[in-house]
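Protein chains: 2
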Amino acid sequence: MSYYDTEATYTIGELAREFSITPRSIRFYEEQSLMNPARTGQNRIYGNKDRVRLKLILRGKRLGFSLAEVKKLFELYDSNPDSAVQLKTMLQLTEQKRAVLNQQLEDINTLMSELDDVETRCREELSELRRGNIA
Amino acid sequence: MSYYDTEATYTIGELAREFSITPRSIRFYEEQSLMNPARTGQNRIYGNKDRVRLKLILRGKRLGFSLAEVKKLFELYDSNPDSAVQLKTMLQLTEQKRAVLNQQLEDINTLMSELDDVETRCREELSELRRGNIA
DNA sequence: ATAGAGGTTTACGTTAACGTAAATTGCATA
DNA sequence: TATGCAATTTACGTTAACGTAAACCTCTAT
Chain A
88 MSYYDTEATY TIGELAREFS ITPRSIRFYE EQSLMNPART GQNRIYGNKD
138 RVRLKLILRG KRLGFSLAEV KKLFELYDSN PDSAVQLKTM LQLTEQKRAV
188 LNQQLEDINT LMSELDDVET RCREELSELR RGNIA
Chain B
88 MSYYDTEATY TIGELAREFS ITPRSIRFYE EQSLMNPART GQNRIYGNKD
138 RVRLKLILRG KRLGFSLAEV KKLFELYDSN PDSAVQLKTM LQLTEQKRAV
188 LNQQLEDINT LMSELDDVET RCREELSELR RGNIA
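These protein sequence lines map, in sequence, to chains A and B. At position 76 of the first sequence the residue is numbered 163 (my numbering), and the sequence of numbers has no breaks. At position 40 of the second sequence the residue is numbered 127 (my numbering), and the sequence of numbers has no breaks.
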């Protein structure tokens, strides 16, 4: 919104390469109303905002959200929440997500320490092997 | 393995209820060679080990692993790794998983702080509304 | 002028992870 | 003995998130 905004643009192929996905995926996200890029005739033109959106979609996916869920989060974030009801449902939703994320944190931590165990055992056995231990 | 092992057993329905899934899912995991419970005639009988396995499967799913991936992890964990080659591939795999988990941790943290932002903004607006602010 | 690289739409195919229905079985209880 | 509950197998249906193919346009380079 600044006077001389750095308005970079991208083609679908450029974005696809940058994020290591296919153009098909990006078009699919648009089909699901997760994006709405500008056009130059037939061709899609993506701006910085679109690029950020795409980033958010992919982060959501990494966290196990479905595209439908990501869409809901977008709508929440985009909507200028006027009514107290909307604000409250919004708070409820963030609480839900927070719970899921906390569970994931827990899961990750336990898995991490388990990986630690496996690794140390592996390394021990390896050094035993190197010492020429046959048993 | 103790003398008098607390060998609890469970039916498929019991496990399903405990973990809030359907018997169908449990049978499916077996079909995919993720479990292999004992039988009493036709009926499946699950022991403590099986119950732990199921727990691990569900944790894996929460973390976004496919059943095939979970299976691989099981095989890794179960295999008595004798050769140095196996040990090394094992270390490689744990490294890969660790990278994914770290990425997820990063994602979760940023998402968490974003949720914080949304929440505080919501609460502010709500208290404004309560003060009778119309604008 | 033609070839090639990228873009477009339309539409059908694919995979994972179950859901769901049908038909059967065994056990316990009214 | 009949009824109902929980288990079983077999098999087809379903949804999400794309993959893939066909047929087309448009620009640039040779």
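The beta-carbon is built from N, C-alpha and C at its ideal position, and this holds for glycine as well.
Could you name the residues that DSSP lists as bridge partners for residue i?
i: residue 130(B); result: 127(B)
i: residue 97(A); result: 133(A)
In terms of residue numbering, what span does the alpha helix (DSSP H) encompassing residue i cover?
i: residue 160(B); result: 154 to 165
i: residue 106(A); result: Neither: residue 106(A) is in no alpha helix (DSSP H) and is coded neither H nor E.
So what does DSSP say about residue i, is it helix, strand or coil?
i: residue 120(B); result: coil
i: residue 151(A); result: coil
i: residue 112(B); result: helix
i: residue 218(A); result: coil
i: residue 170(B); result: coil
With residue i and residue j assumed to form a contact (beta carbons below 8 Å), what rounded beta-carbon distance in angstroms separates them?
i: residue 110(B); j: residue 117(B); result: Residue 110(B) to residue 117(B), Cβ: 11 Å. No contact.
i: residue 163(A); j: residue 180(A); result: 6 Å
i: residue 185(A); j: residue 194(B); result: Actually they do not touch by this definition, with Cβ atoms about 14 Å apart.
i: residue 149(B); j: residue 190(A); result: 7 Å
i: residue 171(B); j: residue 216(A); result: 5 Å
i: residue 121(B); j: residue 158(B); result: 6 Å
i: residue 102(B); j: residue 133(B); result: 6 Å
| task | Could you list the residues in the stretch 128 to 157 of chain A with a C-beta less than 9 Å from some C-beta on chain B, going in chain order? | result | So the close ones are 146, 147, 148, 149, 150 and 151.
| Within 7 Å of chain A by C-beta, residues of the stretch 196 to 221 of chain B in sequence order | Along the stretch 196 to 221 of chain B, going in chain order, the ones with a CB nearer than 7 Å to a CB of chain A are 198, 199, 202, 205, 206, 209, 212, 213 and 216.
| field | Short-range partners of chain B found in the stretch 173 to 184 of chain A, where Cβ spacing is below 8 Å | value | Listed in sequence order: 174, 175, 177, 178, 181 and 184.
| query | If contact means a Cβ-Cβ distance below 8 Å, which residues of the stretch 113 to 124 of chain B contact chain A? | reply | Of all residues in the stretch 113 to 124 of chain B, none places a beta-carbon less than 8 Å from a beta-carbon of chain A.
| Where the stretch 92 to 107 of chain A meets chain B: residues whose CB sits under 8 Å from a CB there | Only those residues of the stretch 92 to 107 of chain A whose C-beta falls short of 8 Å from the nearest C-beta of chain B would be listed, and there are none.
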